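Start counting the sequence shown at 10; every next residue gets the next number (my numbering).
The next block holds one structure in the form of structure tokens; read it before the comments.
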Amino acid sequence: MKALRGHTLDASIGGASLRAADSHIYVTNIAQEVRTQATFSENIGRDGRRRGRVRREVIRVTVSFRIWEFSSVTDREAILEKANAWARDGYLTVSTKPGRRMAVQCAARAAASDPRNYKEDYQIVFESSQAPYWEAAAATTFTLSGTSQTKTISVPGTHEAVFEATVTHSSGTLNTLSLQVGGTKMEFAALTVGSATTFYIDHDSEGRLRIYAGSSTTKYHCRSAASDDELIAGPGSVTAKLSADASCSVTLSCRGRYR
Numbered sequence: 010m011k012a013l014r015g016h017t018l019d020a021s022i023g024g025a026s027l028r029a030a031d032s033h034i035y036v037t038n039i040a041q042e043v044r045t046q047a048t049f050s051e052n053i054g055r056d057g058r059r060r061g062r063v064r065r066e067v068i069r070v071t072v073s074f075r076i077w078e079f080s081s082v083t084d085r086e087a088i089l090e091k092a093n094a095w096a097r098d099g100y101l102t103v104s105t106k107p108g109r110r111m112a113v114q115c116a117a118r119a120a121a122s123d124p125r126n127y128k129e130d131y132q133i134v135f136e137s138s139q140a141p142y143w144e145a146a147a148a149t150t151f152t153l154s155g156t157s158q159t160k161t162i163s164v165p166g167t168h169e170a171v172f173e174a175t176v177t178h179s180s181g182t183l184n185t186l187s188l189q190v191g192g193t194k195m196e197f198a199a200l201t202v203g204s205a206t207t208f209y210i211d212h213d214s215e216g217r218l219r220i221y222a223g224s225s226t227t228k229y230h231c232r233s234a235a236s237d238d239e240l241i242a243g244p245g246s247v248t249a250k251l252s253a254d255a256s257c258s259v260t261l262s263c264r265g266r267y268r
């Protein structure tokens, strides 16, 4: 199909390519827009219910594509359905930003104004508001070990990065643990994590914090009230600290964030 030669743009959701959805699809443009969106939130205080305006940034990515010019009207409709089935929430990667990904929601699927128009450009729109950043597809890791260690680490990216932690130890029981990255800290007590069990601080597929040991034993209740909600640090050199009542190995990981 000569009409498709020379087209190298592509987008993928969860590793699934749009071009692979059907061989008659070719991506013509990938555009990004950063906008400020105003929403309203309600709070209940001593003086009653209050409604306030909250502003947040949203990254919008529009993936434009065409369908092979010689496809029949029936085929074009079927191919468009395949493209819309491909469009879903998840991690978006695009060929114009190699090595990066972004958690997105599908805001708009493609629609045909006239199926007979073989030159029509279709658009699928994705938005990211919860974490409006492109992040490195591969995580950067750092290691702390022993019962106490302080280390200077270099955080990649151009914006604040969120850290995750994996903690292992070879003997005894891990009860108290303190991890600090930059100006944020998490402290835990009464963990009772045995030497054969790994302790995790990470996030699920929707970005929600998880604190658990083994495969699923929650340890949220062990975190102190003074702890920060997340371990976060800006780009560049920051200090990472470990303090524990049992010798352990901590792997800190983060993905550099970019715009």
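Quick reminder that beta carbons are idealized off the backbone N, C-alpha and C, glycines included.
In this text, all values refer to a predicted model and were calculated from it rather than measured experimentally.
### Query
Of all the options F74, A119 and N38, which has the alpha carbon lying nearest to the alpha carbon of K128?
F74
### Message
Can you tell me which residues form a DSSP beta bridge with A242?
### Response
A170
### Query
Where in the stretch 218–262 do unbroken runs of the beta strand (DSSP E), each at least 3 residues long, occur, reported from the N-terminal end onward?
218–222
### Query
Can you tell which of A255, L251, P244 and S256 has its C-alpha closest to the C-alpha of Y267?
P244
### Query
E129 lies in the beta strand (DSSP E); which residues open and close that run?
Here E129 belongs to no beta strand (DSSP E), and DSSP marks it neither H nor E.
### Query
Where does L200 sit, in a helix, a strand or coil, going by DSSP?
coil
### Inter-residue spacing [alpha-carbon to alpha-carbon] between S163 and L240
15 Å
### Task
Have a look at the DSSP bridge pairing and note the partners of E42.
R69
### Query
Considering only residues of the same chain and omitting the five flanking positions on each side of A199, which have a CB-CB separation below 7 Å?
N184 and C231
### Whole-angstrom distance between R110 and N126, CA atom to CA atom
33 Å
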